[in-house]
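Student:
Number of protein chains: 2
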Amino acid sequence: MTREPYRVAAAGLPERVTVYEVGPRDGLQNESVVVPVEVKAEFVARLAAAGHRVIETTSFVHPKWVPQLADASELLAAVERLPGVRYPVLVPNERGLDRALEHGVQEIAIFASATETFANRNLNRTLESQFTMFEPVVARALEHGLRVRAYVSMCFGDPWEGPTPVAQVVSVGRRLLDLGCYELSLGDTVGVGTAGHVAALIGAFGGPERLAVHFHDTYGQALANTLAALREGVTVVDASTGGIGGCPYAESATGNLATEDLVWMLHGLGVETGLDLRSLVETSTWLATELGRPSPSRVVQALAAGLTTERDVKE
Amino acid sequence: MTREPYRVAAAGLPERVTVYEVGPRDGLQNESVVVPVEVKAEFVARLAAAGHRVIETTSFVHPKWVPQLADASELLAAVERLPGVRYPVLVPNERGLDRALEHGVQEIAIFASATETFANRNLNRTLESQFTMFEPVVARALEHGLRVRAYVSMCFGDPWEGPTPVAQVVSVGRRLLDLGCYELSLGDTVGVGTAGHVAALIGAFGGPERLAVHFHDTYGQALANTLAALREGVTVVDASTGGIGGCPYAESATGNLATEDLVWMLHGLGVETGLDLRSLVETSTWLATELGRPSPSRVVQALAAGLTTERDVKE
Numbered sequence: 001m002t003r004e005p006y007r008v009a010a011a012g013l014p015e016r017v018t019v020y021e022v023g024p025r026d027g028l029q030n031e032s033v034v035v036p037v038e039v040k041a042e043f044v045a046r047l048a049a050a051g052h053r054v055i056e057t058t059s060f061v062h063p064k065w066v067p068q069l070a071d072a073s074e075l076l077a078a079v080e081r082l083p084g085v086r087y088p089v090l091v092p093n094e095r096g097l098d099r100a101l102e103h104g105v106q107e108i109a110i111f112a113s114a115t116e117t118f119a120n121r122n123l124n125r126t127l128e129s130q131f132t133m134f135e136p137v138v139a140r141a142l143e144h145g146l147r148v149r150a151y152v153s154m155c156f157g158d159p160w161e162g163p164t165p166v167a168q169v170v171s172v173g174r175r176l177l178d179l180g181c182y183e184l185s186l187g188d189t190v191g192v193g194t195a196g197h198v199a200a201l202i203g204a205f206g207g208p209e210r211l212a213v214h215f216h217d218t219y220g221q222a223l224a225n226t227l228a229a230l231r232e233g234v235t236v237v238d239a240s241t242g243g244i245g246g247c248p249y250a251e252s253a254t255g256n257l258a259t260e261d262l263v264w265m266l267h268g269l270g271v272e273t274g275l276d277l278r279s280l281v282e283t284s285t286w287l288a289t290e291l292g293r294p295s296p297s298r299v300v301q302a303l304a305a306g307l308t309t310e311r312d313v314k315e
Numbered sequence: 001m002t003r004e005p006y007r008v009a010a011a012g013l014p015e016r017v018t019v020y021e022v023g024p025r026d027g028l029q030n031e032s033v034v035v036p037v038e039v040k041a042e043f044v045a046r047l048a049a050a051g052h053r054v055i056e057t058t059s060f061v062h063p064k065w066v067p068q069l070a071d072a073s074e075l076l077a078a079v080e081r082l083p084g085v086r087y088p089v090l091v092p093n094e095r096g097l098d099r100a101l102e103h104g105v106q107e108i109a110i111f112a113s114a115t116e117t118f119a120n121r122n123l124n125r126t127l128e129s130q131f132t133m134f135e136p137v138v139a140r141a142l143e144h145g146l147r148v149r150a151y152v153s154m155c156f157g158d159p160w161e162g163p164t165p166v167a168q169v170v171s172v173g174r175r176l177l178d179l180g181c182y183e184l185s186l187g188d189t190v191g192v193g194t195a196g197h198v199a200a201l202i203g204a205f206g207g208p209e210r211l212a213v214h215f216h217d218t219y220g221q222a223l224a225n226t227l228a229a230l231r232e233g234v235t236v237v238d239a240s241t242g243g244i245g246g247c248p249y250a251e252s253a254t255g256n257l258a259t260e261d262l263v264w265m266l267h268g269l270g271v272e273t274g275l276d277l278r279s280l281v282e283t284s285t286w287l288a289t290e291l292g293r294p295s296p297s298r299v300v301q302a303l304a305a306g307l308t309t310e311r312d313v314k315e
């Protein structure tokens with residue numbers, strides 16, 4: 001019997017997607033266990049070896065707020081930065097930028113809010129005054145030849161204001177692009193968005209150009225929302241190895257979309273990623289031991305349990 | 001500030017979807033805890049009260065194979081069957097049909113295989129001879145005025161044969177429809193399928209007519225695959241309350257797509273279901289206590305933990 005190809009061409013999807021790996025930063029900063037710097041360095045090295053070409057490595061946020069990443073300087077010294085791999089670092093303000101420059105960082109990310117309340121609570125700024133804070137950070141970074149990515153958080157809703165108006169997200173996003181950011185990462189920080197909302201937001205921007213998506217799986221929507229974004233032409237998707245970065249309320253809960261679940265979908269759709277799924281799963285299984293909890297990724301759980309493998313269903 | 005509607009119209013999706021609830025049957029038969037019959041009866045009553053109009057209630061498979069559902073007769077005697085609600089029962093063979101008829105069941109489901117190996121292992125039949133087994137079951141059921149639904153399992157791949165050829169699934173499905181089944185439930189029993197494969201399979205059937213989908217979330221793909229099926233016009237989606245029916249290998253693992261995660265997406269898309277999400281979540285939270293493990297549903301976990309509520313993000 002002749003077997004049809006497993007990779008069924010999916011009309012209208014991009015041929016290649018860049019998985020922007022946020023596990024070492026967004027993942028580890030939301031885990032309760034503080035991981036030793038040597039383990040983090042090995043984690044980053046394993047991600048590069050698995051094929052990642054963008055690995056958000058750490059953050060220069062003050063250790064008072066994010067003690068999990070207090071070792072940012074040591075980590076950057078310990079990580080061997082390979083040619084062809086980008087190692088962006090989150091930078092909250094000018095002091096953070098100074099430290100990034102000291103460490104020879106070539107790409108930074110800033111973290112903005114799409115809603116007034118979250119700007120107040122997370123940045124201690126108004127929605128408007130956050131731009132005053134970011135403007136000199138971006139300007140100086142560009143002067144030094146760095147690339148700057150902007151996260152826009154709470155793009156779909158927040159717990160205080162309800163759904164975020166699409167036009168408000170577009171307004172915030174456009175101002176960040178105007179400052180000189182090369183890309184916006186549209187974040188569903190609380191995970192409440194659904195697929196039609198995703199399509200509407202990308203449409204309101206006039207299309208996918210310079211847009212990435214960053215979904216949290218708190219309500220189980222992350223992968224469906226990613227599929228909706230791909231159909232709108234988005235080609236950069238944020239994800240976290242093994243789905244680390246869980247919410248505090250349940251051991252099995254997940255914050256970030258798991259890289260492996262995303263890659264399973266993308267490879268099934270015939271979309272190229274340059275990633276080796278088996279290496280990613282091995283890394284997540286190793287990291288789960290370090291974190292002392294099972295990976296929330298469905299794919300990691302299934303493959304680690306020795307169920308069907310990607311090879312089994314492909315060949 | 002004027003707020004855009006949360007329910008962003010999603011072009012090309014059905015206006016209304018029937019959620020075919022399989023929790024009491026497919027869910028409970030795959031849980032390790034045996035639930036008392038009174039609890040099952042309350043479970044079914046709660047599902048109807050939450051708005052479900054189709055609740056697959058139990059199975060007449062031999063108790064040797066599925067001890068969890070050995071109380072099928074007692075349960076059917078205990079359940080108050082409400083007008084306007086369908087209570088289908090899985091029936092493996094003619095003996096099962098006899099018992100269903102004794103209990104005044106008005107709708108049955110049969111469970112077929114799309115692959116040779118699974119037909120051998122699960123039905124002790126060849127792919128071909130399963131039709132010989134089903135033919136008299138369906139014929140007699142129709143004579144008695146019953147509706148017959150056919151599950152087609154392993155539609156996307158199985159652990160022994162790899163990906164299932166689309167044409168083979170269509171061939172099996174057409175023969176079941178020809179026997180007189182009113183609907184096929186296309187099952188991804190091991191959860192390996194991805195969205196392009198879903199679209200291709202529905203396309204190979206010539207469209208969504210008489211097709212339902214039944215996804216397992218073993219690889220995290222269930223909701224994205226559902227979205228793909230909706231885009232192909234499918235309007236009947238199987239799901240299990242709270243995602244019960246887990247695989248044995250991990251406490252947090254899930255087998256079935258969780259009804260609540262599906263409903264969150266559908267309501268977000270503006271698709272009507274007739275279901276009250278809050279009641280569903282309350283039922284899942286109650287059932288999780290009976291089962292002694294947390295619900296694998298992301299929505300149940302998030303709402304039960306008092307994070308943002310559906311109302312919070314909708315109003």
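Here the protein sequences come in this chain order: A and B.
Each residue of the first sequence is one higher than the last, beginning at 1 in full-length UniProt numbering.
Each residue of the second sequence is one higher than the last, beginning at 1 in full-length UniProt numbering.
Ideal Cβ positions, reconstructed from N, Cα and C, are used throughout, including at glycine.
1) When burial is assigned at 16 or more other CB atoms within 10 Å of the CB, is Asp-71 of chain B buried or exposed?
2) Nearest-angstrom Cα distance between Gln-29 of chain B and Thr-218 of chain A?
3) Closest to Gly-191 of chain B by CA distance: which of B:Phe-205, B:His-214 and B:Gly-207 is it?
4) Per DSSP, Asp-158 of chain A forms a beta bridge with which residues?
5) Write down the C-beta distance between Ala-50 of chain A and Asp-276 of chain A rounded to the nearest angstrom, noting that I regard them as a contact closer than 8 Å.
6) Taking the alpha carbon of Leu-184 of chain B as the point to measure from, which residue in B:Asn-124, B:Arg-210 and B:Glu-282 has its own alpha carbon closest?
7) Given a cut-off of 7 Å, decide if Val-89 of chain B and Val-105 of chain B are closer than it, judged by their beta-carbon atoms.
8) Relative to the C-alpha of Gly-162 of chain A, which residue among A:Thr-115, A:Phe-205, A:Leu-303 and A:Asp-98 is closest?
9) Can you tell me which of the three DSSP states Ser-153 of chain A falls into?
10) So Thr-283 of chain A is in the alpha helix (DSSP H); what residue range does that whole segment cover?
11) Val-190 of chain A: beta carbon under 6 Å from a heavy atom of the ligand NAP?
12) Output yes or no for whether 7 Å exceeds the beta carbon distance between Tyr-182 of chain A and Arg-147 of chain A.
13) Starting from Thr-57 of chain B, find everything on chain A with Cβ-Cβ shorter than 9 Å and list it in chain order.
14) Give me the subset of the region 81–113 of chain A whose CB atoms are less than 9 Å from a CB atom of chain B, sorted by chain position.
15) What does Ala-195 of chain B reach in chain A if we use C-beta pairs closer than 8 Å?
16) Have a look at Glu-74 of chain B and Val-34 of chain B and give me their C-alpha separation to the nearest angstrom.
17) Find the residues of chain B that neighbour Asp-261 of chain A, judging by a C-beta separation of less than 8 Å, and give them in chain order.
18) Within 10 angstroms of the Cβ of Lys-40 of chain A, are there 16 or more other Cβ atoms? Answer buried if so, exposed if not.
19) Since Leu-201 of chain B is in the beta strand (DSSP E), which residue starts that stretch and which ends it?
20) Between Arg-53 of chain A and chain B, is the shortest Cβ-Cβ distance under 7 Å, so that the two count as touching?
21) For Glu-56 of chain A, which residues in the same chain have their Cβ closer than 6 Å to its Cβ, ignoring the five residues on either side in sequence?
22) Looking only at its own chain, which residues have a Cβ that is under 7 Å from the Cβ of Thr-117 of chain B, when we skip the five neighbours before and after it?
23) Measure from the alpha carbon of Ser-240 of chain A to the alpha carbon of each residue in A:Gly-12, A:Pro-36 and A:Val-44, then state which is nearest.
24) Check whether chain A comes within 7 Å of Arg-175 of chain B, counting only Cβ atoms and requiring the distance to be less than that.
25) Using 7 Å as the threshold, is the C-beta distance between Met-206 of chain B and Phe-156 of chain B below it?
26) Taking a contact to mean a Cβ-Cβ separation below 7 Å, would you say Val-172 of chain B touches Val-152 of chain B in this structure?
27) Which residues, in chain order, does the region 288–305 of chain A contribute to contact with chain B at a C-beta distance below 9 Å?
28) Arg-147 of chain B bridges to which residues according to DSSP?
29) Can you tell which of A:Phe-134, A:Thr-273 and A:Leu-287 has its C-alpha closest to the C-alpha of Arg-46 of chain A?
30) How about Gly-96 of chain B and Phe-131 of chain B: are their beta carbons less than 7 Å apart?
31) Note the first and the last residue of the continuous alpha helix (DSSP H) segment covering Ser-73 of chain A.
32) Whole angstroms are fine: how far does the CA of Pro-14 of chain B sit from the CA of Gly-12 of chain A?
Tutor: According to the structure data:
1) On the second sequence, position 71 is the one that residue 71 of chain B refers to. Buried, since its Cβ has 16 or more Cβ neighbours within 10 Å.
2) As a position in the second sequence, residue 29 of chain B is number 29, starting the count at 1. As a position in the first sequence, residue 218 of chain A is number 218, starting the count at 1. Rounded to the nearest angstrom, the two C-alpha atoms are 27 Å apart.
3) One-based indexing of the second sequence puts residue 191 of chain B at position 191. The shortest C-alpha separation from Gly-191 of chain B is found at B:His-214.
4) For the purposes of this step, residue 158 of chain A is identified with residue 158 of the first sequence, where counting begins at 1. Looking at the DSSP assignment, Asp-158 of chain A forms a beta bridge with A:Gly-162.
5) Translated into the one-based positions of the first sequence, residue 50 of chain A becomes position 50. Translated into the one-based positions of the first sequence, residue 276 of chain A becomes position 276. Confirmed, about 5 Å.
6) Here residue 184 of chain B refers to the residue found at position 184 when the second sequence is read from its first residue. Selected option, being the one with the closest Cα: B:Arg-210.
7) Mapped onto the second sequence, residue 105 of chain B falls at position 105. Mapped onto the second sequence, residue 89 of chain B falls at position 89. Yes, they are a contact pair.
8) Along the first sequence, read from residue 1 onward, the residue named residue 162 of chain A stands at position 162. Here the closest residue by C-alpha is A:Thr-115.
9) Along the first sequence, one-based indexing puts residue 153 of chain A at 153. Correct three-state label for Ser-153 of chain A: strand.
10) What you label residue 283 of chain A is simply residue 283 of the first sequence in a count that begins at 1. Counting along the chain, the alpha helix (DSSP H) containing Thr-283 of chain A begins and ends at 277–291.
11) This structure simply doesn't include the ligand NAP, nor any ligand for that matter.
12) Your numbering for residue 182 of chain A matches position 182 in the first sequence. Your numbering for residue 147 of chain A matches position 147 in the first sequence. Their beta carbons are under 7 Å apart, which means Tyr-182 of chain A touches Arg-147 of chain A by this criterion.
13) For this step, residue 57 of chain B is matched to residue 57 along the second sequence. Chain A residues near Thr-57 of chain B: none, gap ~26 Å exceeds 9 Å.
14) none
15) Your numbering for residue 195 of chain B matches position 195 in the second sequence. Simply Ala-10, Leu-227, Met-265, Gly-268 and Leu-269.
16) Position 74 of the second sequence, counted from the first residue, corresponds to residue 74 of chain B. Position 34 of the second sequence, counted from the first residue, corresponds to residue 34 of chain B. Roughly 14 Å between the two C-alpha positions.
17) One-based indexing of the first sequence puts residue 261 of chain A at position 261. Simply Tyr-219, Gly-220 and Gln-221.
18) For this step, residue 40 of chain A is matched to residue 40 along the first sequence. Flag for Lys-40 of chain A reads buried.
19) Walking along the second sequence from the start, residue 201 of chain B turns up at place 201. Not the beta strand (DSSP E): Leu-201 of chain B falls in the alpha helix (DSSP H), residues 195–204.
20) In the first sequence, the residue the question calls residue 53 of chain A occupies position 53. No, Arg-53 of chain A does not count as interfacial toward chain B.
21) Indexing the first sequence from 1 puts residue 56 of chain A at position 56. Excluding positions up to five away in sequence, the list reads Val-22, Arg-25 and Pro-88.
22) Start at 1 with the first residue of the second sequence, and residue 117 of chain B comes out as number 117. Once the five neighbours on either side are set aside, the close Cβ partners of Thr-117 of chain B are Asp-158, Trp-160 and Glu-161.
23) Here residue 240 of chain A is taken as the residue at index 240 of the first sequence, counted from 1. If we check each option's Cα against that of Ser-240 of chain A, A:Val-44 comes out closest.
24) Sequence index remark: in the second sequence, residue 175 of chain B carries index 175 (1-based). Output row for Arg-175 of chain B: interface = no.
25) Looking up residue 206 of chain B in the second sequence gives position 206. Looking up residue 156 of chain B in the second sequence gives position 156. Residue identity differs from the one stated: residue 206 of chain B is Gly in this sequence, not Met. It is not a contact, given that the beta carbons lie outside the stated cut-off.
26) As a position in the second sequence, residue 172 of chain B is number 172, starting the count at 1. As a position in the second sequence, residue 152 of chain B is number 152, starting the count at 1. Yes.
27) Pro-294, Pro-296, Ser-297, Arg-298, Val-299, Gln-301, Ala-302, Leu-303, Ala-304 and Ala-305
28) Walking along the second sequence from the start, residue 147 of chain B turns up at place 147. B:Glu-107.
29) Position 46 of the first sequence holds residue 46 of chain A. The residue with the shortest Cα to Cα distance from Arg-46 of chain A is A:Leu-287.
30) To locate residue 96 of chain B, count along the second sequence from 1; it is residue 96. To locate residue 131 of chain B, count along the second sequence from 1; it is residue 131. No, the Cβ-Cβ distance between Gly-96 of chain B and Phe-131 of chain B is not below 7 Å.
31) As a position in the first sequence, residue 73 of chain A is number 73, starting the count at 1. Taken as a continuous stretch (DSSP letters only), the alpha helix (DSSP H) holding Ser-73 of chain A covers 72–78.
32) Numbered from 1 along the first sequence, position 12 holds the residue referred to as residue 12 of chain A. Numbered from 1 along the second sequence, position 14 holds the residue referred to as residue 14 of chain B. Each residue's alpha carbon lies about 21 Å from the other.
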